[in-house]
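Numbering (the working numbering), first residue to last: 358 to 777. Glycine included, C-beta positions come from ideal geometry on N, C-alpha and C.
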Ligand code: HAM
């Protein structure tokens, strides 16, 4: 029986890894220009962290986690997201005692047992940032601007930034009561998921994508009208800051994120042309989360971006660097008796930092040229009977298709001249 990759997972084959490297490089460079430092946390954590951190009424915790008992009967979970892990690390390493704010970024696989479809996987990759220790609305705007800057640096321009404020626990509770009173009489018209959401977290009914649910709640009060003066001021400062930075956004009353920890600013960035799973990034402020996970009273804000969705969007962008040549030099070898010379040439070039590969099957010169072409080699070196007799190496420039010769001593300079 052939064993295949589990449903919702996939291999990133070497040809595609180039694209990943390109996107990862741009992301890292952009995050670092904004002053964020990388953190790497474990792939699995104690299950309790996500129950407390993400919230046990959320879809993620109630039905999407990969949870297992280890051999010592501990309940562990493959991380479904990384904010809770960053909060745990922040507390565990007593980071609050140092100079604040601290700004972290991360990149890596996350795991959710969701129904797979284009842009939605069970193992997927996120890039994300978390900034702890500031409630300044300028920090909210910085975090959002970083997400937008990454898109711009990747050449993506057709996105929408949706923005809302979900208030603080005090003003949200007043709104929640109001919303419950409005939803209760129309509860039967809602989908089964929304009926459960109504019981557990009624605000989540607002961002149901079904038209029937949207029709049932049309005209219901908006949280915006219930924000307390502090939350209202915070939200208007965030919007002002974004406008000052010439970033356009859509105020979206329906935007309620699917994780429980948000306070105040919530945002999502969508790229409509990538299909049903159009949210490429989502995030917001979580001022109560560090405390809820056992730390001090500490503000935080962040977002995460789906790397697969970014790559889907990138498919429509012409991008030179993604297809950069993969190999500088290919050494075509006609017979095993030339191995001693070959091994010296190969080691010399590799030590000089020149990306070099070779043939191992001693096929015909024509077959080796074809192979070198497939590898994207810029230069092919030919080593056969004639070359050995004359003490030279034939150099073929695969771009100009010109051929020249060099002695072993001249070889390095000749190759560098072509590569430059
Ligand atoms: P999230 O909205 O659950 O937020 O995920 C963020 C992004 O990850 C989504 O916008 C999407 O691009 C991508 N994503 C989520 N699930 C999948 C999936 N099954 N397949 C492919 N891509 C997916 C969070 O995870 C929060 N931790 C974000 C955050 C950081 N908030 C504050 N700090």
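Problem - Short Cβ contact (8 Å threshold) for residue 641 with residue 661 - result: Not in contact: residue 641 and residue 661 (Cβ atoms no closer than 8 Å).
Practice task
Taking 8 Å as the threshold, find out whether the stretch 375-390 comes into contact with the stretch 502-512 through three or more Cβ pairs.
Solution key: Contact between the stretch 375-390 and the stretch 502-512 is present, because at least three Cβ pairs lie under 8 Å.
Handout entry: Beta-bridge pairing of residue 422 - partner residues as DSSP gives them
Key = Answer is none; residue 422 lacks a bridge partner.
Handout entry: Cut-off 7 Å between Cβ atoms - residues of its own chain near residue 749, not counting five sequence neighbours on either side
Key = Once the five neighbours on either side are set aside, the close Cβ partners of residue 749 are 762, 763, 764.
Practice task
Determine, using beta-carbon pairs with one atom in the stretch 593-606 and one in the stretch 663-672, whether at least three such pairs fall under 8 Å.
Solution key: Output reads no: the stretch 663-672 does not touch the stretch 593-606.
Handout entry: Own chain residues within Cβ distance below 6 Å of residue 536, not counting five before or after
Key = In its chain, beyond the 5 residues on either side, 559 have a beta carbon closer than 6 Å to the beta carbon of residue 536.
Exercise for the section: Return the CA-CA distance between residue 697 and residue 370, expressed in angstroms with no decimal places. Expected result: Cα to Cα, the separation comes out at about 33 Å.
Handout entry: Span of the alpha helix (DSSP H), counted from its first residue to its last, around residue 555
Key = Taken as a continuous stretch (DSSP letters only), the alpha helix (DSSP H) holding residue 555 covers 549-557.
Exercise for the section: Using alpha carbons as the reference points, say which of 617, 759, 631, 728 lies closest to residue 410. Expected result: In this structure, 617 is the residue among 617, 759, 631, 728 with its C-alpha nearest to the C-alpha of residue 410.
Practice task
Decide if the stretch 515-526 is in contact with the stretch 622-630; the criterion is three or more beta carbon pairs, one per stretch, under 8 Å apart.
Solution key: Cβ pair count under 8 Å is three or more, so yes.
Problem - Under the three-state DSSP convention, the category residue 612 falls into - result: Residue 612: coil per DSSP, three-state reduction.
Problem - Selection from 579, 380, 629, 505 that minimises the alpha carbon distance to residue 603 - result: The shortest C-alpha separation from residue 603 is found at 505.
Exercise for the section: On a CA-only basis, which of 563, 588, 758 is nearest residue 576? Give me that one, please. Expected result: Relative to residue 576, the option among 563, 588, 758 whose CA is nearest is 563.
Practice task
Would you check if the distance between the CB atom of residue 615 and the CB atom of residue 475 is smaller than 8 Å?
Solution key: No, these two residues do not count as a Cβ contact at 8 Å.
Exercise for the section: Could you tell me whether the Cβ atoms of residue 472 and residue 437 are closer together than 8 Å? Expected result: The beta carbons of residue 472 and residue 437 sit no closer together than 8 Å.
Exercise for the section: Give the straight-line distance between the Cα atoms of residue 444 and residue 573, rounded to the nearest whole angstrom. Expected result: Spanning the two alpha carbons is a distance of roughly 38 Å.
Problem - Local Cβ density within 10 Å of residue 442, reported as buried at 16 or more and exposed below that - result: Residue 442 comes out buried.
Handout entry: Rounded separation between residue 585 and residue 498 - CA only
Key = Each residue's CA atom was taken as its position, placing residue 585 and residue 498 some 20 Å apart.
Problem - Identified DSSP bridge partners for residue 521 - result: Looking at the DSSP assignment, residue 521 forms a beta bridge with 623.
Handout entry: Length at least 3, wholly inside the stretch 629-671: the beta strand (DSSP E) runs in chain order
Key = Taken in chain order, the whole beta strand (DSSP E) runs of length 3 or more contained in the stretch 629-671 are 636-642, 657-663.
Practice task
Can you tell me which of 742, 687, 744 puts its alpha carbon nearest to the alpha carbon of residue 780?
Solution key: Because the chain is modelled from 358 through 777, residue 780 falls outside the range shown and cannot be assessed.
Exercise for the section: Take residue 391 as the anchor and find which of 533, 502, 528, 766 has the nearest alpha-carbon. Expected result: The shortest C-alpha separation from residue 391 is found at 502.
Practice task
Please go through the same chain and pick out, in chain order, the residues whose beta-carbon is closer than 8 Å to the beta-carbon of residue 650, but skip the five residues on each side of it.
Solution key: Contacts found: 406, 409, 410, 441, 444, 445, 448.
Practice task
Kindly provide the ranges of any beta strand (DSSP E) runs that are 3 or more residues long and lie completely inside the stretch 464-510, ordered along the chain.
Solution key: Fully enclosed beta strand (DSSP E) runs of 3 or longer: 480-489.
Exercise for the section: Measure the Cβ-Cβ separation of residue 362 and residue 460 and say whether it is below 8 Å. Expected result: It is not a contact, given that the beta carbons lie outside the stated cut-off.
Practice task
Report the three-state DSSP secondary structure of residue 724 (helix, strand or coil).
Solution key: DSSP, reduced to helix, strand and coil, places residue 724 within a helical segment of the structure shown.
Practice task
With hydrogens ignored, establish whether the beta-carbon of residue 662 is closer than 7 Å to any heavy atom of the ligand HAM.
Solution key: Shortest gap from the CB of residue 662 to any heavy atom of the ligand HAM: under 7 Å.
Exercise for the section: Give the secondary structure of residue 764 by DSSP, where H, G and I count as helix, E and B as strand, and everything else as coil. Expected result: In this structure, residue 764 counts as strand in the three-state DSSP scheme.
Handout entry: DSSP three-state assignment for residue 460, whether helix, strand or coil
Key = Of the three classes helix, strand and coil, the one that applies to residue 460 here is strand, per DSSP.
Handout entry: Helix, strand or coil at residue 730 [DSSP, three-state]
Key = In the three-state scheme derived from DSSP, where H, G and I count as helix and E and B as strand, residue 730 is classed as helix.
Practice task
Figure out for me which residue from 590, 683, 776, 772 has the closest Cα to the Cα of residue 375.
Solution key: Ranking 590, 683, 776, 772 by Cα distance to residue 375 puts 683 first.
Practice task
Classify residue 545 as buried or exposed, calling it buried when 16 or more other Cβ atoms lie within 10 Å of its own Cβ.
Solution key: Answer is exposed; the Cβ neighbour count stays below 16.
Problem - Rounded separation between residue 608 and residue 458 - CA only - result: Going by the C-alpha atoms only, they are around 27 Å apart.
Problem - residue 688: first and last residue of the uninterrupted beta strand (DSSP E) it sits in - result: Residue range 684-690 is occupied by the beta strand (DSSP E) that includes residue 688.
Problem - Straight-line Cα distance separating residue 527 from residue 496 - result: Rounded to the nearest angstrom, the two C-alpha atoms are 22 Å apart.
Handout entry: Rounded C-alpha distance that separates residue 658 from residue 758
Key = Approximately 55 Å between the Cα atoms of the pair.
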